[in-house]
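Heads up, our numbering is the position in the sequence shown plus 70, with the first residue counted as 1. We treat Cβ as the ideally placed atom computed from N, Cα and C, and that holds for glycine. Written out below as structure tokens is the structure these notes cover.
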Amino acid sequence: MTSVVPVSAETPAVTPARTAPDDGAVRPFTEEAWDRIAGWRDAVDHMPFIAALADGSLPAEAFAFYLAQDAAYLREYSRVLARAAQSAPDPAAQGFLVRSSVSALEVETALHRDWLGAHTGLAAGDVAAVEASPVTAAYTGHLHAAASGSYAETIAALLPCYWLYAHVGGVLVDLARRRPGGLAGHPYATWIGTYGDEGFQVATRQACALADDAARWVSPDQRERMLRAFEISSVHEYLFFEQGLTHPAWPTPPPKAETRG
């Protein structure tokens, strides 16, 4: 659920975590944030949706629901990336976020349209009109709320969509390669290959670097807001994967109670 940024000289590989703090006192934001969601990372790694996606046993209708919701999510994720670009502190950060916003709409949604069109018959217009589920709407609502705050909080909220996906991509590639035949003939090989791609890993490291840079200039209270925004987005990532199997829908009003005489 994030945008693949083409690798270029302007998108350097940056180690996202486990780096020494500048002054020896404060941990890098990404290191602290990654440790903070250790429980959620483990939950994602072992959830039934991921296991079924990895071994290819995930029903096509489950993947279709997930992918259609991902398309709906990316529409709003792209908007938040664009808002973050407006308040970026330097041209490099602004350029990365702008490219990410455009890519979320053009590169990623093309993958969604192609798969859904080939496997479900949904036309491009139908994919674009998919209504966000309650789970998707809750996640994008959180992102828009974060974007109404500081640049640092916005970047922190956006980061799990990069980082957890890069992490899950690695997990999926590893698990998928263990199946007979590996990725050859795997029904979801294209999607798995995209998120396990080194270009996506590089983009993720750049997004991590932006978060670490932003965290250097915030107060302790603002840093805690960044950490909380990152943590909440990570919970939403788990719920987003889970909905591929649960197919949550908006409730309808209960039947009108009969008037008693």
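Of the other Cβ atoms in all chains shown, fewer than 16 fall within 10 Å of the Cβ of residue 248; this residue is therefore exposed. For residue 240, the enclosing alpha helix (DSSP H) stretches over residues 221 to 248. Contact between residue 114 and residue 238 holds, since their C-beta atoms are separated by about 6 Å, short of 8 Å.
Within the region 158 to 196, complete alpha helix (DSSP H) segments of at least 4 residues are found at 161 to 173, 179 to 190, given in chain order. Check the Cα spacing between residue 162 and each of 139, 264, 273, 324: the tightest is with 273.
For the region 119 to 163, not one full-length beta strand (DSSP E) segment reaches 3 residues or more. Under the 10 Å beta carbon count, residue 127 is surrounded by fewer than 16 other beta carbons and is classified as exposed. For residue 119, the closest C-alpha among the options 314, 232, 208 is that of 314.
Pairing residue 210 with residue 146 gives a Cβ-Cβ distance under 8 Å. By the criterion of a C-beta distance shorter than 7 Å, residue 110 is surrounded in its chain by 304, 305, 308, once the five residues flanking it on both sides are discounted. Residue 125 and residue 117 have their C-alpha atoms some 13 Å from each other.
Cβ neighbours of residue 133 within its own chain (closer than 6 Å, five residues either side excluded): none. In the DSSP assignment, residue 314 falls within the alpha helix (DSSP H) that extends over 290 to 316.
By the Cβ criterion, the region 189 to 207 is not in contact with the region 159 to 175, since fewer than three pairs of Cβ atoms, one from each stretch, lie closer than 8 Å.
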